[in-house]
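Using the UniProt record's numbering, read the sequence shown as starting at 1 and increasing by one per residue. Just so it is clear, CB atoms sit at the ideal spot from N, CA and C, and this is done for glycine as well. The structure appears right after this line, and notes come after that.
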Amino acid sequence: AQGAVSARPKMEAAVQGEESCGAQKPAAAAAHLKARKKLDEHGRYLRYPGITTVCQVPPASIEAVLSGLPAAVRQLPGVGEWFAPLPAASYHVTVVDICTQYQRELGEEAWGSLLAHSCWAEASALFERAAFAPSLRLKEVNLTYTHAKLLLIVELEPAGPADREGLIAAMREILEPTIGEIKEPYVWHLTLAYGLPQLERHGPLAPEALEAGREAARRLVEEAFGGFEGGELPLEPARLCAFDDMTAFVPWNGIDPVRDLL
Numbered sequence: 001a002q003g004a005v006s007a008r009p010k011m012e013a014a015v016q017g018e019e020s021c022g023a024q025k026p027a028a029a030a031a032h033l034k035a036r037k038k039l040d041e042h043g044r045y046l047r048y049p050g051i052t053t054v055c056q057v058p059p060a061s062i063e064a065v066l067s068g069l070p071a072a073v074r075q076l077p078g079v080g081e082w083f084a085p086l087p088a089a090s091y092h093v094t095v096v097d098i099c100t101q102y103q104r105e106l107g108e109e110a111w112g113s114l115l116a117h118s119c120w121a122e123a124s125a126l127f128e129r130a131a132f133a134p135s136l137r138l139k140e141v142n143l144t145y146t147h148a149k150l151l152l153i154v155e156l157e158p159a160g161p162a163d164r165e166g167l168i169a170a171m172r173e174i175l176e177p178t179i180g181e182i183k184e185p186y187v188w189h190l191t192l193a194y195g196l197p198q199l200e201r202h203g204p205l206a207p208e209a210l211e212a213g214r215e216a217a218r219r220l221v222e223e224a225f226g227g228f229e230g231g232e233l234p235l236e237p238a239r240l241c242a243f244d245d246m247t248a249f250v251p252w253n254g255i256d257p258v259r260d261l262l
């Protein structure tokens with residue numbers, strides 16, 4: 001049905017789609033690509049290229065309200081030392097993720113072939129025409145800790161128009177014949193920090209440390225969002241974006257070589 005959200009993609013379908021546009025995996029394709037991490041042991045963000053659709057938080061709003069969050073996250077009691085905060089300039093809300101090079105297990109040549117397909121320009125134009133900027137406000141702050149992995153996100157909820165299903169359905173019609181199924185969108189959220197990989201070799205974090213961190217994170221974000229009119233997060237219209245790591249998402253017209261943007 002038009003506007004329906006389809007199931008998460010199967011790798012087989014995605015690979016078939018890549019092959020249809022000439023982005024074939026080399027015979028000795030390295031499955032180890034899929035195991036690559038987004039950051040190193042010291043919290044430095046690593047190359048992790050991909051294509052997505054996001055609404056950026058305007059620079060003026062970051063400067064006025066959110067610029068202090070990365071440093072404050074590092075100071076969260078009990079957990080701050082285990083976080084690698086994202087730079088405030090990267091703050092965005094994802095409409096729907098599309099694909100990453102390593103999850104598709106593509107080498108450089110195959111990835112370049114995929115990005116050279118004409119479907120990307122059409123998808124970029126779709127978002128330009130739509131000028132979609134959802135109205136979102138704070139729902140809750142989620143500091144999650146599972147299997148030695150930490151994540152700090154701000155979950156958002158609609159404060160007004162925020163229906164993305166029709167836009168996603170139109171994008172699927174453009175891209176899925178080439179790249180395969182696009183996974184379901186996540187709940188509306190803003191990611192603040194990822195946990196350090198070295199936490200996997202550390203003993204479990206104490207429940208009281210996690211609780212102290214959660215409470216401090218909740219207060220921190222609630223205070224920050226109090227600086228926005230009506231508590232609504234300002235967002236720029238959604239764009240098709242390319243990224244080389246998790247610290248910058250650059251609008252892409254689907255035509256210019258991505259390597260020239262990043």
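For residue j and residue i, the rounded distance between their alpha carbons
| i | j | result |
| --- | --- | --- |
| C119 | V96 | 17 Å |
| E108 | P197 | 25 Å |
| P26 | A64 | Residue placement at P26 cannot be trusted, given a pLDDT of 49 that sits under 50; what the coordinates show is reported in the next sentence. Using only the alpha carbons, I get a separation of about 48 Å. |
| P134 | A248 | 21 Å |
| E236 | Y45 | 24 Å |
| A130 | I98 | 18 Å |
| Q75 | F132 | 35 Å |
| A89 | C55 | 13 Å |
| A121 | L115 | 10 Å |
| V250 | A72 | 26 Å |
| P59 | M246 | 17 Å |
Nonlocal neighbours in the same chain, by C-beta distance under 6 Å from residue i, ignoring five residues either side
| i | result |
| --- | --- |
| K139 | E155, L156 and E157 |
| L240 | T53, A123, S124, F127 and W252 |
| G22 | Because G22 sits at a pLDDT of 37, beneath the cut-off of 50, its placement in the model cannot be relied upon, and the point is left open. |
| A148 | L199 and E200 |
Opening and closing residue of the beta strand (DSSP E) in which residue i lies
| i | result |
| --- | --- |
| A84 | F83 to P85 |
| T146 | L136 to T146 |
| L50 | According to the sequence shown, residue 50 is Gly rather than Leu. Residues G50 to Q56. |
Close Cβ partners of residue i (< 8 Å) along its chain, the five nearest in sequence each way excluded
| i | result |
| --- | --- |
| L190 | V57, Y91, H92, V93, I153, V154, L156 and L233 |
| L66 | V57, A88, Y91 and A224 |
| D40 | L46 and P197 |
Residue span of the alpha helix (DSSP H) that contains residue i, given as start and end
| i | result |
| --- | --- |
| L69 | L69 to R74 |
Neighbourhood of residue i by C-beta, 7 Å cutoff - its chain only, sequence neighbours within 5 removed
| i | result |
| --- | --- |
| L151 | T144, Y194 and G195 |
| H192 | The residue you asked about is not His; residue 192 is Leu in the sequence shown. The residues are L69, V73, P85, L86, L152, I153 and V154. |
message: With three or more C-beta pairs closer than 8 Å as the rule, is the stretch 141-148 touching the stretch 213-220?
response: yes
query: For the stretch 79-127, which segments carrying the beta strand (DSSP E) assignment without a break, of at least 3 residues, lie completely within its bounds, in sequence order?
result: 83-85 and 92-100
Three-pair Cβ contact test at 8 Å for the stretch 98-108 versus the stretch 34-50: yes
message: If contact is defined by three or more beta carbon pairs under 8 Å, each pair taking one atom from either stretch, is the stretch 221-231 in contact with the stretch 167-175?
response: no
message: In chain order, what are the residue ranges of uninterrupted beta strand (DSSP E) at least 3 long that sit wholly in the stretch 156-227?
response: 189-195
- request: Determine contact between the stretch 196-211 and the stretch 73-85, defined as no fewer than three beta-carbon pairs at a distance below 8 Å.
  value: yes
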